[in-house]
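J.: One structure, as structure tokens, below. Some questions next.
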Amino acid sequence: METVTAIRQLCDHVGQTVRLRGWVYHSRPGGKITFLVLRDGTGLCQCVIEKNDASAGFYDDIKRLAQESSLEVTGTVSADERSTGGFEVRVSDARVIHPARDYPITPKAHGIEFLMKHRHLWFRSKRPWHVLRIRSTVVDQIRRFFNDNGYVLIDTPIFAPAAGEGSQTLFKVDYFGEEVYLAQTGQLYLEAACMAHGKVYCFGPTFRAEKSKTRRHLTEFWMVEPEIAFASLDDVLNVAEDFICSIAERVLRDHRDELVELGRNLEDLQAIKKPFYRVTYSQAAELLRGPKSKALLESDLKEKSIRLGELDQRITDLESTAKSGSASQWAKDKAAAEAIELREERSELQEQIGNIPHHIELAQNFEWGGDLGGSDETIISRLHDRPVFVTHYPKHCKAFYMREDRSDERVVENFDLLAPQGFGEIIGGSAREEDYDRLLARINHEHLPQADYEWYLDLRRYGSVPHGGFGLGVERTVAWLCGLKHIRETIPYPRMMGKFYP
RNA sequence: UCCCCGAUAGCUCAAUGGUAGAGCGAGCGGCUGUUAACCGCUAGGUUCUAGGUUCGAAUCCUAGUCGGGGAGCCA
Numbered sequence: 003m004e005t006v007t008a009i010r011q012l013c014d015h016v017g018q019t020v021r022l023r024g025w026v027y028h029s030r031p032g033g034k035i036t037f038l039v040l041r042d043g044t045g046l047c048q049c050v051i052e053k054n055d056a057s058a059g060f061y062d063d064i065k066r067l068a069q070e071s072s073l074e075v076t077g078t079v080s081a082d083e084r085s086t087g088g089f090e091v092r093v094s095d096a097r098v099i100h101p102a103r104d105y106p107i108t109p110k111a112h113g114i115e116f117l118m119k120h121r122h123l124w125f126r127s128k129r130p131w132h133v134l135r136i137r138s139t140v141v142d143q144i145r146r147f148f149n150d151n152g153y154v155l156i157d158t159p160i161f162a163p164a165a166g167e168g169s170q171t172l173f174k175v176d177y178f179g180e181e182v183y184l185a186q187t188g189q190l191y192l193e194a195a196c197m198a199h200g201k202v203y204c205f206g207p208t209f210r211a212e213k214s215k216t217r218r219h220l221t222e223f224w225m226v227e228p229e230i231a232f233a234s235l236d237d238v239l240n241v242a243e244d245f246i247c248s249i250a251e252r253v254l255r256d257h258r259d260e261l262v263e264l265g266r267n268l269e270d271l272q273a274i275k276k277p278f279y280r281v282t283y284s285q286a287a288e289l290l291r292g293p294k295s296k297a298l299l300e301s302d303l304k305e306k307s308i309r310l311g312e313l314d315q316r317i318t319d320l321e322s323t324a325k326s327g328s329a330s331q332w333a334k335d336k337a338a339a340e341a342i343e344l345r346e347e348r349s350e351l352q353e354q355i356g357n358i359p360h361h362i363e364l365a366q367n368f369e370w371g372g373d374l375g376g377s378d379e380t381i382i383s384r385l386h387d388r389p390v391f392v393t394h395y396p397k398h399c400k401a402f403y404m405r406e407d408r409s410d411e412r413v414v415e416n417f418d419l420l421a422p423q424g425f426g427e428i429i430g431g432s433a434r435e436e437d438y439d440r441l442l443a444r445i446n447h448e449h450l451p452q453a454d455y456e457w458y459l460d461l462r463r464y465g466s467v468p469h470g471g472f473g474l475g476v477e478r479t480v481a482w483l484c485g486l487k488h489i490r491e492t493i494p495y496p497r498m499m500g501k502f503y504p
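Numbering-wise (our numbering), the first sequence opens with residue 3 and increments by one.
Below, the structure written as structure tokens:
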């Protein structure tokens, strides 16, 4: 194969002649000079093609090349601050590999529906490119953390005979005429394996048939679940804390540029250090009902209302500029473009403002015993500048296998980890009930078929020990780290309710 | 399953119940060390579907389809 230089490595080739292969990211063709931004998978590089250059027989071919055409160019590298990426290549020769036509994703704004339909092409755009690289690093760090800390990888089955926790939210599969389900967790299987290996984890896709259409839900997502023998709830919390810190550090170390490009506030991520906050469910309930939570939302409401007023004024001004006879065409266009952006912000703001009173009401009237809602989690996480563990939820709203708190049997030794800045839950975990009688009582109480859980009960018959673990949602974690609103952008091909194309 | 919002040119969006528009993209030409460049011209529409109200519907009403956001549930 001929020598081809990666754009990322151009810094090592200043002054040299190199060959690049890639796609046209953007081009500004002209009569005498054409600027063409080339994308090769490792980065972007501006290529300058001047018609006057000696062997410029290819000039007109290059000039007409449309977005995403593939080509090979040869030229001299120089450092140039005016250029995308800091380097540019003055082209002495070029060869078109495939001329594209009418690439659908133009350098202008597009809606999410359109982009998702073109997910296979959208990969090439900057934002998905950054996000999926960060995802790749997060996944690598997850594996590294557990492999380096003495955990054994146990692959759990995707075809599962019975519901892991609840039921009804699973995908049914016809398994040679019998009914099985796509796994929603590997946890129960892991518990068995951790009695053999001490510390284990599983990592793979998991499936939920919940009919949720929200920014936090996918029907197919990736989850990593560690399980640890001889561990108390505190031990598990400590592992989760170290684990999250290691991921945040790694992403900050390897993807500073990408995070900046995505507009992520780096200070927020640098603040992800031990110790995280630990509050019990009961304390969280107090916090929600208390003055701090109300004050937060009320000041929110005030700020957003002020902003809304500013927006209205600005939009009115822009609209009159856009229609004014005296303004230049250029000024009118800019005004119209800005108005469109601001209208979008206004409509989001209006929705948020409309929801705040409801959220205040939910928080103020929160009663002990109910599960924390999405808005409640948001409030709790926004009242803290680092991740928050919420522990000891009421027993009746949690799964049967969670360990009863021996000092308060109304609650179980579980926890959720809420990511800061209002991102909400990224981890759910617990100590598992190790006592045979208590576990059996819970199984019966939930009307679960005992026969299906005999193997699971065996773990409490033969050398039962305290143990626990948790599950981390990869997409939610990546969305939080990248500062994305919606998790659909953090997985290459999102699967959501009613959507599976492409 | 429930609640709220939306659907107008390839894309992003305008349009008091009264002749359907702009920018980008596409095509042609000009110009330029350009940065989402700029300037001129051209093409581009069954206003989601089916009914209804009206002299007249993109606009109002009903139903449906699809999409967005949220509730429940959860990673």
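Even glycine gets a Cβ: it sits at the ideal position worked out from N, Cα and C. Being a predicted model, the structure only gives us computed values, none of them experimental.
(1) Drop a sphere of 10 angstroms on the beta-carbon of H360, count the other beta-carbons inside from all chains shown, and report buried for 16 or more, exposed for fewer.
(2) Could you give the DSSP three-state label for N151: helix, strand or coil?
(3) DSSP has E505 in a bridge; who is on the other side?
(4) Does DSSP put M3 in a helix, a strand or coil?
(5) Span of the beta strand (DSSP E) holding S409?
(6) Take the Cβ of Q315 as the centre, count every other Cβ of all protein chains shown within 10 Å, and call the residue buried at 16 or more, exposed below.
(7) Can you tell me the Cβ-Cβ gap for P496 and L220, rounded? I've got them flagged as a contact below 8 Å.
(8) For K501, list the residues DSSP reports as bridge partners.
(9) Less than 6 Å between C-beta atoms, sequence neighbours within five positions excluded: which residues of the same chain meet that for R280?
(10) What residue from G59, I64 and I136 has the CA that sits closest to R255's CA?
(11) Mind checking which residues open and close the alpha helix (DSSP H) that includes A111?
(12) Look at the Cβ atom of Q186, then the Cβ atom of L172, and state whether they are nearer than 8 Å.
(13) Evaluate the contact criterion for the region 300 to 316 versus the region 354 to 369: three or more CB pairs, one atom per stretch, below 8 Å.
(14) Measuring alpha carbon to alpha carbon, tell me which residue in D150, K34, V50 and L73 is nearest D508.
(15) Measuring alpha carbon to alpha carbon, tell me which residue in E379, L483 and Y503 is nearest V253.
(16) Examine the Cβ distances between the region 408 to 419 and the region 287 to 298 and report whether three or more of them are shorter than 8 Å.
(17) Quick one: residues in its chain with C-beta nearer than 6 Å to the C-beta of D82, no 5 flanking neighbours on either side, listed in chain order?
(18) Under 8 Å, do Y283 and T158 count as touching if we go by C-beta distance?
(19) Span of the alpha helix (DSSP H) holding D418?
(20) Using the Cα positions of Q18 and I317, report the straight-line distance between them to the nearest angstrom.
(21) From the DSSP output, in three-state form, read off V262 for me.
(22) Under 8 Å, with one C-beta from each stretch per pair, do the region 463 to 481 and the region 430 to 442 reach the 3-pair mark?
(23) What are the complete alpha helix (DSSP H) segments, minimum 4 residues, inside the region 456 to 487?
(24) For I429, which residues does DSSP report across the bridge?
(25) Based on DSSP bridge pairs, tell me the residues matched to M197.
T.: So, from the listed chains and residues:
(1) Here residue 360 refers to the residue found at position 358 of the first sequence. By the 10 Å Cβ count, H360 comes out exposed.
(2) For this step, residue 151 is matched to residue 149 along the first sequence. In this structure, N151 counts as coil in the three-state DSSP scheme.
(3) What is shown of the chain runs 3 to 504, which leaves residue 505 out entirely.
(4) As a working note, residue 3 is residue 1 in the first sequence. Residue placement at M3 is poorly supported in this model, since its pLDDT is 49, which falls under 50; the coordinates are not used for a value here.
(5) To locate residue 409, count along the first sequence from 1; it is residue 407. Per DSSP, S409 belongs to no beta strand (DSSP E) and is neither H nor E.
(6) For the purposes of this step, residue 315 is identified with residue 313 of the first sequence, where counting begins at 1. Q315 comes out exposed.
(7) The sequence position of residue 496 within the first sequence is 494, counting from 1. The sequence position of residue 220 within the first sequence is 218, counting from 1. About 6 Å separates the two Cβ atoms, so the contact holds.
(8) By one-based count along the first sequence, residue 501 stands at place 499. Answer is M498, bridged to K501.
(9) Residue numbering aside, residue 280 sits at position 278 when the first sequence is read from its first letter. Only F391 meet the Cβ criterion.
(10) On the first sequence, position 253 is the one that residue 255 refers to. Checked all of G59, I64 and I136; the closest Cα to R255 is I136.
(11) Translated into the one-based positions of the first sequence, residue 111 becomes position 109. Premise fails: A111 is in no alpha helix (DSSP H) and is neither H nor E.
(12) Within the first sequence, residue 186 is the residue found at index 184, counting from 1. Within the first sequence, residue 172 is the residue found at index 170, counting from 1. Taking 8 Å as the Cβ cut-off, Q186 and L172 qualify as a contacting pair.
(13) yes
(14) Since the first residue of the chain shown is 3 and the last is 504, residue 508 is not available in this structure.
(15) Start at 1 with the first residue of the first sequence, and residue 253 comes out as number 251. Measuring from the Cα of V253, the nearest candidate turns out to be L483.
(16) no
(17) Within the first sequence, residue 82 is the residue found at index 80, counting from 1. Within the same chain, D82 has close Cβ partners E90.
(18) Taking the first sequence and counting its residues from 1, the one referred to as residue 283 is at position 281. Taking the first sequence and counting its residues from 1, the one referred to as residue 158 is at position 156. No, they are not a contact pair.
(19) Taking the first residue of the first sequence as position 1, residue 418 is located at position 416. Note, D418: premise wrong, no alpha helix (DSSP H); beta strand (DSSP E) at N416 to A421.
(20) For the purposes of this step, residue 18 is taken as residue 16 along the first sequence, with counting starting at 1. For the purposes of this step, residue 317 is taken as residue 315 along the first sequence, with counting starting at 1. Using only the alpha carbons, I get a separation of about 51 Å.
(21) Indexing the first sequence from 1 puts residue 262 at position 260. Three-state DSSP puts V262 in a helix.
(22) yes
(23) 456 to 460 and 476 to 484
(24) Stepping through the first sequence from its first residue, residue 429 is reached at position 427. Partner(s): L419 and L474.
(25) The count along the first sequence starts at 1 and reaches residue 197 at position 195. Its beta-bridge partners do not exist; DSSP assigns none.
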